[in-house]
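To start, the structure itself, in structure tokens.
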Amino acid sequence: MTYTLPATHTAAAGAGWIGRRELVLWVVAAILANQALHVLDLGTPSAFLVSVLSLNLVYLLAGIVIVNRVLGSDGCAVATRLEVVLGIGVLIAMAITGLVGYRMGIGVVSTAVALYALGRAGLDQSLRAAGAVLLALSANLVWGPIFFQLVTPELLAADAFLVRGFLFFGGADVSVNGLTFANAQGHQVTLAGACSSFKNLSMGLLAGVAITMALRPRFVRRDVVAIAAVCAIMVLLNAARVGLLAASEASHLYWHDGDGAVILAMVQTALILALAFIGAHWATRSAAS
Amino acid sequence: MTWLVRGLLLVLIVVSVGTRSLAIRQRDATVGGFDVGSAIRSAVAARGYVSLSNPVKPPKVLSSVHYFERPGCAAPTLVMPFGISIEAKPLLHRAAGAGYNYRFIFLDAATSVQSRVVFYAEWLKHAALGIVGASPYLPLKVALAVADPVGCGTPDAIDWREVWRTPPASSAREQQFASPGRAPEG
């Protein structure tokens, strides 16, 4: 099949090798398929089922929004030769980064694709929206963790300040020494990085961007406020969680190792997605009025 | 031409998924049997130092700290494995208390202050070398924090790099070391 160029597409025309939408779909399929290898357990059918059922809903939503936005883009646009070459280059880069087997390679490649989608003049809005979600995804995969590596001590200090606030207002009898919280019974918790409230910032960002781009293909100014609020809530929720872990040994066992851990994860995810939805609606209404 | 492009794109997707799948499986097989605790004990024993028991028991995170005696030292030396993104000193300080100097070791890098950037660069370097089989180390993101008693003279004579060269010994997985999941740190 060869694409016939509509009159509006002649300037950027390639040789009619492939539609732009289809090319982007191939690239997105490669990114999502490679990412799936890191979150799905292909060992046994039961392990696979468990990994599917415990998939991170925010990742899943982001993937759906990206594919949906690409499918909703201009079906008549033809990829230029340069774009075809770039698309092939992206897949070659994906194969090369696959040799290392860490997801940061996917993040780097996704960033390049997202920046192209966002930066190239003349692309339709739906592809830009897909690019925005892809950029937020790559922030979660690679740039967020790198940023965290650079400023871990500062972020942990801020985290400890927040946890201290929760413990104070919750009336818990816990003393604080730097990053370590200790109660009178000798139970101690140290903020070391793995459970830092700020580590999930990029997840809040991804949730906010994905929901916004699911509702409409462009940002409005107030989206910044709405997405920042989602991220702030994410941080506060985790600080409250660490406060619960620090309160007592029994509380730690329940909220970290027991049913409480599942409850917290579900509540956190539901709340973040709901807040992102409400925030996007609020921003839409504000922009219209 | 359209079908040629499609065919090429399909082949490249299959190749990328195939290489990544293989790399993940190989890494799991390589580090799947690695037990950092055993590796530390072996390195300590190879120098003739005497290991001591840890009063903290699992699932507490400080149960991973290894204690050993060195001649001429009034207090034991402590070694704690930790994921390279973790802030290790406050944790080890809980076990060691006052009167200790700290060192942080990861593969070929050793620093007196924990440097995530240095360790991350070190990991990246060996991950890249590992593609062509040129790294002598296991692809782990686990570093060591060592607490030496003050006034103990020269540091221990252990070549800690042996820890990452240690062949697999148990069924623990890399992720367990990289982010101590059952630790009381939340």
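Line by line, the protein sequences are chains A and B. Following my numbering, the numbering of the first sequence begins with 2 at its first residue and continues without gaps. Following my numbering, the numbering of the second sequence begins with 52 at its first residue and continues without gaps. The C-beta atom is built at its ideal place from N, Cα and C for all residues, glycine as well.
By the rule that beta-carbons nearer than 9 Å mark a contact, residue 103 (chain A) touches chain B. Under the rule that a run must span 4 or more residues, the alpha helix (DSSP H) segments found entirely inside the segment 93 to 175 of chain B read 140 to 147. Sequence-distant Cβ neighbours of residue 117 (chain B) in its own chain, meaning closer than 6 Å and more than five residues away, are 91, 130.
For residue 173 (chain A), the closest C-alpha among the options A:160, A:188, A:179 is that of A:188. Chain order gives the chain A residues near residue 138 (chain B) as 153, 154, 157, 180, 192, 193, 194, where near means a beta carbon separation below 8 Å. DSSP, reduced to helix, strand and coil, places residue 176 (chain A) within a strand of the structure shown. Under a 10 Å Cβ-count criterion, residue 165 (chain B) is classified as buried, with 16 or more other Cβ atoms of the shown protein chains found around its own Cβ. Residues of chain A whose Cβ lies closer than 7 Å to the Cβ of residue 158 (chain B) do not exist, since the nearest Cβ in that chain is about 16 Å away. Nearest CB-CB separation between residue 162 (chain B) and chain A: not below the 9 Å threshold. Only residues of its own chain outside the window of five on either side were considered, and among them 42 have a CB closer than 7 Å to the CB of residue 48 (chain A), listed in chain order. In terms of Cα proximity to residue 170 (chain A), the closest of A:219, A:288, A:244 is A:244. In the DSSP assignment, residue 35 (chain A) falls outside any beta strand (DSSP E) and within the unbroken alpha helix (DSSP H) covering 21 to 40.
Setting aside the 5 residues that flank it on each side, residue 167 (chain A) is surrounded in the same chain by 240, 241, 244, each with a C-beta closer than 7 Å to its C-beta; the list follows chain order. For a Cβ distance threshold of 8 Å, nothing in chain A lies close to residue 151 (chain B): the least Cβ distance comes to about 16 Å. For residue 194 (chain B), the uninterrupted beta strand (DSSP E) segment begins and ends at 193 to 200. Partner residues in the beta bridge of residue 183 (chain A), as assigned by DSSP, are A:176, A:189. Around residue 95 (chain A), the beta-carbon contacts reaching into chain B at under 7 Å are 67. Following the DSSP letters along the chain, one finds residue 283 (chain A) inside the alpha helix (DSSP H) bounded by residues 260 to 289. Per the DSSP secondary-structure output, residue 79 (chain A) pairs in a beta bridge with A:20. Per DSSP, the continuous alpha helix (DSSP H) segment holding residue 212 (chain A) begins and ends at 202 to 216.
Taking a Cβ-Cβ threshold of 7 Å, none of the residues of chain A is close to residue 188 (chain B); the smallest such distance is about 14 Å. Any Cβ of chain B closer than 9 Å to the Cβ of residue 85 (chain A) would place that residue at the interface, and such an atom is present. Annotated three-state conformation of residue 124 (chain A) is coil, per DSSP. Distance between residue 39 (chain A) and residue 179 (chain B), taken at the CA atoms: about 19 Å. Residue environment analysis places residue 186 (chain A) among the exposed positions, since fewer than 16 neighbouring C-beta atoms fall within 10 angstroms of its C-beta.
For residue 71 (chain B), the C-beta contacts it makes with chain A under 7 Å involve 35, 38, 99, 102, in order along the chain. Rounded to the nearest whole angstrom, the C-alpha separation of residue 142 (chain A) and residue 93 (chain A) is 19 Å. By the Cβ neighbour-count rule, residue 201 (chain A) is buried, with 16 or more other Cβ atoms within 10 Å of its own.
Nearest in C-alpha terms to residue 63 (chain B), of all of A:28, A:197, A:18, A:212, is A:28.
Residue 132 (chain B) sits away from residue 114 (chain B), with the two beta carbons spaced by 9 Å or more.
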